[in-house]
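*Asks:* So in the numbering used here, spot 16 of the sequence shown is number 27, and the numbers just go up one at a time.
Here it is, the structure in full.
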Amino acid sequence: MSEHKLRKIVEHNSRLKEQLELPRIPVSQASEALIDFTRTTKDYLLPSQWGPPPHDPFASQTGGSCGCSVM
């Protein structure tokens, strides 16, 4: 086996070992956490669920001109 091929195999093996050490959780636990997150985190894109969004002081003010000009 050539040195290059052996080095590629060793590198690939080390990457696989790193992936094996990553923490893992069961799908049921992950889906339960996702459901809990969506139930408790307000998403103002769904006003029927969470109501109107609070006042945003950084939003552009409506009424009047936008201050833009076309050249």
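No residue lacks a Cβ here, since even glycine has one placed at the ideal position from N, Cα and C.
(1) Taking the alpha-carbon positions, what's the F48 to L56 distance?
(2) Using the C-alpha atoms, what's the distance from S42 back to L17?
(3) Confirm, please, whether the CB-CB distance from W61 to D54 is below 8 Å.
(4) Taking Cβ positions only, does R26 come closer than 8 Å to chain C?
*Replies:* Reading from the atomic positions:
(1) Going from the Cα of F48 to the Cα of L56 covers about 16 Å.
(2) Straight-line spacing of the CA atoms in L17 and S42 works out to 41 Å.
(3) Cβ distance < 8 Å, so D54 and W61 count as in contact.
(4) In summary, chain C is missing from the structure at hand, where a single protein chain is found.
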